[in-house]
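Participant: One rule links them: number in our numbering = place in the sequence shown (from 1) + 2. For glycine and all other residues, C-beta sits at the position ideal for the given N, C-alpha and C. Pasting a structure below so you can have a look.
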Amino acid sequence: MENIRYLCVSFPLSTTDNRVKCQRLGERHVNGIFSGLHESLQEVLAHRLGWSDLREVQSRAYREVSAGKDVLVIAPTAGGKTEAALIPVLDLILKQGSQGVACIYLSPLKALINDQEVRFRSFSVPTGLEVRMWHGDVPRGDRTWEDGEPPHLLMITPESLEVLMGEHIQSRDLCNARFVIVDELHAFVESERGVHLRVLLDRLDAMAGHHVQRIGLSATVGNPEEVLAWLSGKGHEKELVQVAIPPREKRFSFHLEEDERRRMKSIAKIVAGKKALVFVNSRAEAEQVGRALRGRVAHLFVHHSSLSPEMRCAAEESIAGEASACIICTSTLELGIDIGDLDVVVQLGAPASVSSFLQRMGRSGRRGRSPYMAFVLVDAWDLLLCTAVIESASRKRVEPLTPVKRPYNVLVQQVFLELVRHRRTTLTRLRRYLGALPSFQDLPDSTLDLLLTFLEEKKFLVRDGEMFMPGPEMEVLYGRSNWKDLYSVIRGGGEFRAVTPEGDLVGRLDARFVASGGQGSFSLGGKNWTLIKSDESHNLVVVVPGDEAGGKAFWTGGQAGFSPVVCQAVLRILSRRRTLLPLLPPQEEALQGVIESMPPLHTRGVHIWEVPGKRKMDVMALTFLSRPDNALLSAMVRRVIGAKTRIRYDDLSLWFPDLAPEGAAERIISIFRQIQALSVREMTDLVTMPLPETWKFGPALPPALIREMAAADTWHIEEFAAWFSGLPLYLVPAPGRKNNS
Numbered sequence: 003m004e005n006i007r008y009l010c011v012s013f014p015l016s017t018t019d020n021r022v023k024c025q026r027l028g029e030r031h032v033n034g035i036f037s038g039l040h041e042s043l044q045e046v047l048a049h050r051l052g053w054s055d056l057r058e059v060q061s062r063a064y065r066e067v068s069a070g071k072d073v074l075v076i077a078p079t080a081g082g083k084t085e086a087a088l089i090p091v092l093d094l095i096l097k098q099g100s101q102g103v104a105c106i107y108l109s110p111l112k113a114l115i116n117d118q119e120v121r122f123r124s125f126s127v128p129t130g131l132e133v134r135m136w137h138g139d140v141p142r143g144d145r146t147w148e149d150g151e152p153p154h155l156l157m158i159t160p161e162s163l164e165v166l167m168g169e170h171i172q173s174r175d176l177c178n179a180r181f182v183i184v185d186e187l188h189a190f191v192e193s194e195r196g197v198h199l200r201v202l203l204d205r206l207d208a209m210a211g212h213h214v215q216r217i218g219l220s221a222t223v224g225n226p227e228e229v230l231a232w233l234s235g236k237g238h239e240k241e242l243v244q245v246a247i248p249p250r251e252k253r254f255s256f257h258l259e260e261d262e263r264r265r266m267k268s269i270a271k272i273v274a275g276k277k278a279l280v281f282v283n284s285r286a287e288a289e290q291v292g293r294a295l296r297g298r299v300a301h302l303f304v305h306h307s308s309l310s311p312e313m314r315c316a317a318e319e320s321i322a323g324e325a326s327a328c329i330i331c332t333s334t335l336e337l338g339i340d341i342g343d344l345d346v347v348v349q350l351g352a353p354a355s356v357s358s359f360l361q362r363m364g365r366s367g368r369r370g371r372s373p374y375m376a377f378v379l380v381d382a383w384d385l386l387l388c389t390a391v392i393e394s395a396s397r398k399r400v401e402p403l404t405p406v407k408r409p410y411n412v413l414v415q416q417v418f419l420e421l422v423r424h425r426r427t428t429l430t431r432l433r434r435y436l437g438a439l440p441s442f443q444d445l446p447d448s449t450l451d452l453l454l455t456f457l458e459e460k461k462f463l464v465r466d467g468e469m470f471m472p473g474p475e476m477e478v479l480y481g482r483s484n485w486k487d488l489y490s491v492i493r494g495g496g497e498f499r500a501v502t503p504e505g506d507l508v509g510r511l512d513a514r515f516v517a518s519g520g521q522g523s524f525s526l527g528g529k530n531w532t533l534i535k536s537d538e539s540h541n542l543v544v545v546v547p548g549d550e551a552g553g554k555a556f557w558t559g560g561q562a563g564f565s566p567v568v569c570q571a572v573l574r575i576l577s578r579r580r581t582l583l584p585l586l587p588p589q590e591e592a593l594q595g596v597i598e599s600m601p602p603l604h605t606r607g608v609h610i611w612e613v614p615g616k617r618k619m620d621v622m623a624l625t626f627l628s629r630p631d632n633a634l635l636s637a638m639v640r641r642v643i644g645a646k647t648r649i650r651y652d653d654l655s656l657w658f659p660d661l662a663p664e665g666a667a668e669r670i671i672s673i674f675r676q677i678q679a680l681s682v683r684e685m686t687d688l689v690t691m692p693l694p695e696t697w698k699f700g701p702a703l704p705p706a707l708i709r710e711m712a713a714a715d716t717w718h719i720e721e722f723a724a725w726f727s728g729l730p731l732y733l734v735p736a737p738g739r740k741n742n743s
């Protein structure tokens, strides 16, 4: 690596916009806050952690939290976000006292709770405050407490909080809650888990009889003010704490290798003797790369969501040690798990979003060193995507987060939970309960009546006069193990637990992979296993160590593709015919080859041309919309054409092979114009909606609500219509041809 030269770029690691009002605090003001902290907290900060003051983000957060406001703290990885939330909370608890659980820390991951517990205890225990974890991996005896002896701080996932709220004795200790800290808030906002989180926060307010102060933490948010409003709700004082970070040099290197073996060799060379993370874009790819690097890289680990907690923990601990180590990982290590100081982050292929890139790059460059990220790519198209991501980050263009609009899946969950809690309920009580939850207040007035009628028809509910009770279909689908399936909105059932004959959990395998017979030996967690027994009734397989020549495990669900922000950045680079990044000559030459292979492009719009196909003319339509939107557009085109038209799509384009003998491009333009003229309702009618089983509680939803939910939150048709309908359509000459018009 001594001969490697780096591309060096300076831009803020955070997503802070220069327009954000960032009041800088003088040393005297900072010390004033520090000296005013509770004596025991000062002691911990000064003597145990060696602090003499607070960072700016911590000082600003302290001021706003102390004023009783809901707060969203935005700061880069290792920027002090956790302490910014924890210091004012601990200080106020120590000064004002506490009965019951004073603070609830909510995390999207059990592993993040396990990791943060050490940090929470280092602050809390010396001051006499108790911390307790509560989630499925914690033995029940360790997560409960005696009546009247609750912890001051409770670390929990949303699903476990749902369970705890149903505990008759311990739930009473939540009534005195004063603070909720939501870590990695961006991981919740766009999902149904986020709706569930908001429902839990609003129910917590009702239990406490007052608004429980909400503190959100995030490193990357493209629309922070909107996210803060989503977290806080209406009518509460709120403040964004977002500190400007001075531009900082980042080092990048690009390694283009079409041959897979050479790519693996490049990775092995980059990480040799270093502490490194290698990010890939799927669980199957993580296993494949781990298998390819086995024997080439010392202290090699694999980390993804389908591995056992023990295997993931072993990988995390390897990086925390003194020796070199390498973890092949997916997005599971994007979130705030502390894995110590890294020498390099390797990205195999281009990251799918600017947010993901910032999270991954932020893993390196701590303790005063410049972040270093090495990209190992297949070709110059990968390089183009990488430059689009880095350019967007340097210009502070980060993906905005869009909350769920039609949370019918969560609505059914809450109806079922209310029935189970009371064993029977009335329509009046249901209306009162659901009407008090802001997450459902914007839904059409007819929604609940439509839902209850369907549930009664399909035997999910039974009615006795004015009373509703759980029906046989509800018990069959969701009644196992004392209704535990109701506590989460996450759809399960698609994976089998893989255990050894001794009962040790190895990880989880895809149901389709298990049905295929496991293909002999396969790789899981960087080790080879052989499937010897399958128990479908319990979603369980028994595995033993396998041969070295392992096969490939796979999991259902592909990649969502590159974000619209990245796709539009690609268009900007192609339209200006160059990148703004100061690439080294070999990369500049490779990228220029891609740019020159494209026709001249406008900065906005859809570009269409035709080329001779096998029998007729092929048509290429460069849309730069993103994979989900191109999938939606291709589905609409098929319905408009009305024939079995073959259409291929990716993140940037649609390809129509053998469309017509002549005038093929004009035909596609005409069809696109027809679609642009459609209303949102007409577009929705052109799309085949997903099956009810796509959602956990989908079988309990009437078809009309499924269609409405899918249109709003799966396909985002309203947003698509607003964007696509205004795009100009250009007929351009095929690459390499002159325009004779």
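Residues bridged to N2 by DSSP?
Facilitator: Coverage of the chain is limited to positions 3 through 743, which leaves residue 2 absent and any answer about it impossible.
Participant: Kindly indicate which three-state DSSP category V2 falls into: helix, strand or coil?
Facilitator: Outside the displayed range of the chain (3 to 743) lies residue 2, so it cannot be described from this structure.
Participant: Let's see if you can read the secondary structure: which residues bound the alpha helix (DSSP H) around S518?
Facilitator: That residue, S518, is in no alpha helix (DSSP H); it is neither H nor E in DSSP.
Participant: Ignore the nearest five residues each way along the sequence and tell me which others in V32's own chain have a CB closer than 6 Å to its CB.
Facilitator: Legend: pLDDT at V32 = 46, less than 50; position of this residue unreliable, no value from coordinates given.
Participant: Can you tell me whether K83 is helix, strand or coil according to DSSP?
Facilitator: helix
Participant: Going along the chain, which residues of its own chain have a beta-carbon closer than 7 Å to the beta-carbon of L488, five neighbours each way excluded?
Facilitator: Short of 7 Å from the beta carbon of L488, and not among the five residues preceding or following it, lie these beta carbons of its own chain, in chain order: Q415, F418, L419, V422, Y480.
Participant: Can you have a look at V478 and say buried or exposed, based on whether 16 or more other CB atoms are within 10 angstroms of its CB?
Facilitator: exposed
Participant: Who are the Cβ neighbours of S565 in its own chain at under 6 Å, not counting the five residues just before and after it?
Facilitator: In chain order, S355, E401 place their CB closer than 6 Å to the CB of S565, counting only its own chain and leaving out the 5 sequence neighbours on each side.
Participant: In three-state DSSP terms, what is H198?
Facilitator: helix
Participant: For the segment 616-692, list the beta strand (DSSP E) runs that are entirely contained and at least 3 residues long, ordered along the chain.
Facilitator: 619-624, 655-662
Participant: Can you give the beta carbon distance from L111 to V223, rounded, assuming they're within the 8 Å contact cut?
Facilitator: Not quite, the Cβ-Cβ distance comes to about 18 Å (not below 8 Å), so this is no contact.
Participant: Just to confirm the assignment, what range does the beta strand (DSSP E) spanning T532 have?
Facilitator: 529-537
Participant: Below 8 Å on the Cβ atoms is my guess for S126 versus L155; work out the distance and round it to an integer in Å.
Facilitator: Correct: roughly 6 Å between the Cβ atoms.
Participant: On the criterion of 16 or more Cβ atoms from any shown chain inside 10 Å, does G644 qualify as buried, or is it exposed?
Facilitator: Counting Cβ neighbours within 10 Å, G644 comes out exposed, since fewer than 16 surround it.
Participant: Between the Cα of A724 and those of M685, P701, L693, spot the shortest distance and give me the residue it belongs to.
Facilitator: M685
Participant: For the alpha helix (DSSP H) containing A327, name the first residue and the last one.
Facilitator: Here A327 belongs to no alpha helix (DSSP H); instead the beta strand (DSSP E) covers 327-331.
Participant: Helix or strand or just coil, what does DSSP make of I2?
Facilitator: The structure shown has nothing for residue 2, since the chain only spans 3 to 743.
Participant: Distance, Cα to Cα, M3 vs K271?
Facilitator: For M3, the pLDDT reaches just 33, beneath the cut-off of 50, and the residue's location in the model is therefore unreliable, although a value from the coordinates is still provided. Going from the Cα of M3 to the Cα of K271 covers about 7 Å.
Participant: In this structure, what does DSSP give as the bridge partners for G595?
Facilitator: Residue pairing by DSSP places G595 opposite no residue, since no beta bridge is assigned to it.
Participant: Rounded to a whole number of angstroms, what is the C-alpha to C-alpha distance between M167 and T455?
Facilitator: Between M167 and T455, the C-alpha separation is close to 28 Å.
Participant: Give me the Cα-Cα distance between W611 and G218, rounded to the nearest whole angstrom.
Facilitator: Whole-angstrom Cα-Cα distance: 48 Å.
Participant: Can you say whether R434 is buried or exposed, counting buried as having 16 or more other CB atoms within 10 angstroms of its CB?
Facilitator: Around the beta carbon of R434, fewer than 16 other beta carbons lie within 10 angstroms, which makes this residue exposed.
Participant: Excluding the 5 residues flanking I6 on each side, which residues of the same chain have their C-beta closer than 7 Å to its C-beta?
Facilitator: No answer about I6 holds up, because its pLDDT of 47 lies below 50 and its placement is not dependable.
Participant: DSSP three-state label for R578, please.
Facilitator: helix
Participant: Following the continuous alpha helix (DSSP H) through K267, name the residue where it begins and the one where it ends.
Facilitator: In the DSSP assignment, K267 falls within the unbroken alpha helix (DSSP H) covering 262-273.
Participant: Kindly indicate which three-state DSSP category Q101 falls into: helix, strand or coil?
Facilitator: coil
Participant: For A666, which option in V304, S490, K618 has the closest C-alpha, if you only look at C-alpha atoms?
Facilitator: K618
Participant: Tell me whether L51 is buried or exposed, calling it buried when 16 or more other Cβ atoms sit within 10 Å of its Cβ.
Facilitator: exposed
Participant: For the candidate residues A327, D537, W53, V91, whose alpha-carbon lies nearest to that of K71?
Facilitator: That would be V91, whose Cα lies nearest to the Cα of K71.
Participant: Would you decide whether D466 is buried or exposed? Buried here means 16 or more other CB atoms lie within 10 Å of its CB.
Facilitator: exposed
Participant: L111 CB to nearest chain C CB: under 8 Å?
Facilitator: The structure shown has no chain C; it contains just one protein chain.
Participant: What would DSSP say about E458, mapped onto helix, strand or coil?
Facilitator: E458 falls in the helix class under three-state DSSP.
Participant: Assuming L634 contacts L656 (C-beta within less than 8 Å), just tell me the rounded distance between them.
Facilitator: Incorrect: roughly 11 Å between the Cβ atoms, too far for contact.
Participant: Ignore the nearest five residues each way along the sequence and tell me which others in A86's own chain have a CB closer than 6 Å to its CB.
Facilitator: V59, Q60, A63, V75
Participant: Could you check the C-alpha separation between H424 and L233 for me, to the nearest Å?
Facilitator: 29 Å
Participant: Might you give, ordered along the chain, the residues of its own chain that have their beta carbon closer than 7 Å to the beta carbon of E161, omitting 5 neighbours on each side?
Facilitator: Y489, S490
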